[in-house]
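Right, one structure below, let's go through it.
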Amino acid sequence: MKLKDLIKNLEILDVTGDLDLEIDSIAYDSRKTKNGSLFVCIEGFKADGHKFIPQAVENGTKALLVQREVEAPEGITVVRVKDTRYALASVADVFYNHPSSKFKLVGVTGTKGKTTTTYMIKSILDVYGHKTGLIGTICNKIGDEVLPTDRTTPESLDLQELFGEMVEKKVDGVVMEVSSHALELHRVSCSEFDIGVFTNLSRDHLDFHKTFENYLAAKIKLFKMCKKGLVNIDSEYGRQVVENAECEVYTFGIDNDADIKATDIVKKQDSVEFKVHTPWFNGEIHVNIPGKFSVYNALAAIGSCALMGIPLEYIKEGLKNVTVPGRAEVVPTGTDYTIIIDYAHSPDSLENILTTVKGYAPARVISVFGCGGDRDKTKRPIMGEISGKYADFTVITSDNPRTEDPSAIIRDIEEGIKKTNAAYITIVDRREAIKYAMQIAKPKDIIVLAGKGHETYIMLNDKTIHFDEREVVREILAEMNLNA
Numbered sequence: 006m007k008l009k010d011l012i013k014n015l016e017i018l019d020v021t022g023d024l025d026l027e028i029d030s031i032a033y034d035s036r037k038t039k040n041g042s043l044f045v046c047i048e049g050f051k052a053d054g055h056k057f058i059p060q061a062v063e064n065g066t067k068a069l070l071v072q073r074e075v076e077a078p079e080g081i082t083v084v085r086v087k088d089t090r091y092a093l094a095s096v097a098d099v100f101y102n103h104p105s106s107k108f109k110l111v112g113v114t115g116t117k118g119k120t121t122t123t124y125m126i127k128s129i130l131d132v133y134g135h136k137t138g139l140i141g142t143i144c145n146k147i148g149d150e151v152l153p154t155d156r157t158t159p160e161s162l163d164l165q166e167l168f169g170e171m172v173e174k175k176v177d178g179v180v181m182e183v184s185s186h187a188l189e190l191h192r193v194s195c196s197e198f199d200i201g202v203f204t205n206l207s208r209d210h211l212d213f214h215k216t217f218e219n220y221l222a223a224k225i226k227l228f229k230m231c232k233k234g235l236v237n238i239d240s241e242y243g244r245q246v247v248e249n250a251e252c253e254v255y256t257f258g259i260d261n262d263a264d265i266k267a268t269d270i271v272k273k274q275d276s277v278e279f280k281v282h283t284p285w286f287n288g289e290i291h292v293n294i295p296g297k298f299s300v301y302n303a304l305a306a307i308g309s310c311a312l313m314g315i316p317l318e319y320i321k322e323g324l325k326n327v328t329v330p331g332r333a334e335v336v337p338t339g340t341d342y343t344i345i346i347d348y349a350h351s352p353d354s355l356e357n358i359l360t361t362v363k364g365y366a367p368a369r370v371i372s373v374f375g376c377g378g379d380r381d382k383t384k385r386p387i388m389g390e391i392s393g394k395y396a397d398f399t400v401i402t403s404d405n406p407r408t409e410d411p412s413a414i415i416r417d418i419e420e421g422i423k424k425t426n427a428a429y430i431t432i433v434d435r436r437e438a439i440k441y442a443m444q445i446a447k448p449k450d451i452i453v454l455a456g457k458g459h460e461t462y463i464m465l466n467d468k469t470i471h472f473d474e475r476e477v478v479r480e481i482l483a484e485m486n487l488n489a
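Heads up, the sequence shown is in this note's numbering, so the first residue is 6 and it goes up one at a time.
Structural data, given as structure tokens:
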């Protein structure tokens with residue numbers, strides 16, 4: 006494809022060189038450039054792509070897309086734009102021939118519930134007979150084919166390439182998690198969303214967004230790019246999303262009047278049932294994931310699929326069969342106590358899982374959790390206070406300390422739990438923390454391992470160490486049986 010065609014949708018500040026160049030590939034990482042590449046220079050948080058122009062040129066790059074004036078060797082075409090992050094999304098969309106226009110695309114944003122909601126939608130579409138793509142935190146999927154993922158929403162070039170692969174493999178629809186980072190950094194710009202979903206908003210990612218207002222503004226961007234929106238009207242900020250949306254909006258909720266509403270909710274230990282009322286149909290729904298938050302996620306999935314014309318019978322079947330790794334996941338132990346693994350890593354999500362479990366726990370709730378290093382420090386005491394309030398006993402431990410001192414993170418959490426006068430202990434080593442919880446567990450107790458969920462690693466300094474809590478629980482059980 007000629008360079009002039011690739012950049013046709015961009016606002017160009019200036020150009021030097023030949024725009025009739027044939028471009029065979031696009032790269033934003035200089036190590037992936039080759040002969041015939043367009044190198045897009047991104048000003049990242051750790052590295053600036055403009056500094057790697059010499060390496061890209063050495064690899065055969067003949068064209069550069071930049072956002073500041075640079076010195077380039079003779080014979081290299083330089084195109085300057087205001088924002089190369091947006092430009093990358095635009096040229097990638099053109100290069101892969103606008104793939105997102107060739108299937109139904111649903112984007113789900115919000116602090117919590119994104120993963121579960123996307124899994125619910127995919128489950129329904131699968132039951133209906135659609136071949137469905139999934140993009141998100143746990144993995145990417147094309148039908149049943151599982152692809153690895155290293156972030157919630159891929160970089161725009163990788164996303165458009167993945168969309169292109171999905172078109173080749175004839176998907177009917179794609180459902181994806183859309184993070185606030187992705188919206189702010191133009192990863193999903195130029196993607197054609199048929200439906201955008203807002204699950205909720207609570208304190209998270211303020212290390213990146215700096216203020217809550219910025220965080221909310223990032224989420225609202227999705228509803229300026231989709232054809233139809235679905236908004237949780239019970240969420241404190243749902244009304245603001247509705248007011249600022251630039252698309253047709255439907256609401257869902259439990260407590261307030263909504264287009265898609267749940268009533269007669271019956272909470273069980275391992276599931277939830279409710280009646281749903283919509284403009285298209287009414288019916289009874291069963292979901293094998295417990296808790297009120299599960300109802301909200303199901304309402305979002307019901308609304309999304311109804312807007313795509315999926316009949317109620319397929320929606321009911323899809324929701325009845327859905328499973329989500331690391332979300333209220335019960336680990337088989339063969340013991341007289343229960344262990345639940347959940348991804349809860351924000352104040353709201355920790356409160357949700359603990360109150361859900363507390364609602365049906367026949368005995369004690371034991372919480373095992375920590376907070377990530379090099380991330381928002383302000384939520385640490387808040388989460389400590391929440392665990393102290395809702396758990397009968399808390400084991401404060403590590404959770405991806407990264408470059409921070411794990412003990413310092415734990416001290417931050419302690420500031421909050423001390424306000425509750427709750428019983429707790431601190432154990433830095435997460436494996437030992439889990440072992441301690443299992444050793445003190447009595448019949449009918451429920452242990453909640455919060456924070457890791459689907460993750461199978463711990464990040465410590467610059468190392469990523471394998472750590473799958475399911476495996477850890479099995480290993481500890483074996484040790485305890487040997488020592489019995």
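All residues carry an ideal CB built from backbone N, CA and C; glycine is no exception.
- Burial is judged here by how many other beta carbons sit within 10 angstroms of a residue's own beta carbon; E27 has fewer than 16 and is exposed.
- For L69, there is no enclosing alpha helix (DSSP H); the residue is found in the beta strand (DSSP E) stretching over A68 to V71.
- In this structure, R407 keeps its C-beta atom at 8 angstroms or more from the C-beta atom of T120.
- Take F398, set aside five residues on each side of it, and the residues of its chain with a beta-carbon closer than 6 angstroms to its own are I371 and A428, in chain order.
- Taking all protein chains shown into account, L487 has fewer than 16 neighbouring C-beta atoms within 10 Å of its C-beta and is therefore exposed.
- By the neighbour-count criterion, in which 16 or more other beta carbons inside 10 Å mark a residue as buried, S351 falls on the buried side.
- For the pair of segments examined, the segment 143-154 was found to touch the segment 174-185: the number of CB pairs separated by less than 8 angstroms reaches three.
- Contact check for F228 against C252 passes: the beta carbons are separated by less than 8 angstroms.
- When DSSP reads this structure, L235 sits in a beta bridge with V202 and Y255.
- Taking all protein chains shown into account, L93 has 16 or more neighbouring C-beta atoms within 10 Å of its C-beta and is therefore buried.
- G169 has its alpha-carbon roughly 28 angstroms from the corresponding atom of H55.
- Restricting attention to alpha helix (DSSP H) runs no shorter than 4 residues, the segment 434-478 encloses them at 435-445, ordered along the chain.
- Residue environment for I430: exposed (fewer than 16 other C-beta atoms within 10 angstroms of its C-beta).
- With a cutoff of 8 angstroms on beta-carbon distance, Y319 and I129 are scored as near each other.
- D98 has no beta-bridge partner at all, per DSSP.
- Restricting attention to I265, L139 and M6, the CA atom closest to the CA of V113 is found in L139.
- In the assembly as shown, Y301 is a buried residue. Its beta-carbon has 16 or more other beta-carbons within 10 Å.
- Scanning its chain for C-beta atoms nearer than 6 angstroms, with the 5 sequence neighbours on each side dropped, one finds around K107 the residues V172, in chain order.
- Under the three-state reduction of DSSP output, R90 falls in the helix class.
- In terms of Cβ geometry, D353 and R385 do not form a close pair [threshold 8 angstroms].
- Of the residues assessed, N357 falls on the buried side of the cut-off, its CB having 16 or more other CB atoms within 10 angstroms.
- The segment 147-166 makes no contact with the segment 56-65, as fewer than three CB pairs between them are under 8 angstroms.
- The alpha-carbon of S105 is positioned some 22 angstroms away from that of V236.
- Shown here, A267 sits in a strand according to DSSP, grouped into three states.
- Around the CB of K13, fewer than 16 other CB atoms lie within 10 Å, so the residue is classed as exposed.
- In this structure, the alpha-carbon of K87 lies about 20 angstroms from that of S35.
- Your pair L304 and A267 checks out as a contact, with CB atoms roughly 6 angstroms apart and the cut at 8 angstroms.
- For G364, the enclosing alpha helix (DSSP H) has its first and last residue at P352 to Y365.
- The residues I345, V370, I451 and V453, in chain order, have a CB closer than 7 angstroms to that of V362 in the same chain once the five nearest residues on each side in sequence are set aside.
- Residue pairing by DSSP places N287 opposite H282 in a beta bridge.
- If you look at K119, you'll find it in the alpha helix (DSSP H) that goes K119 to Y133.
- By the Cβ rule, the segment 276-287 counts as touching the segment 246-265, because three or more pairs are nearer than 8 angstroms.
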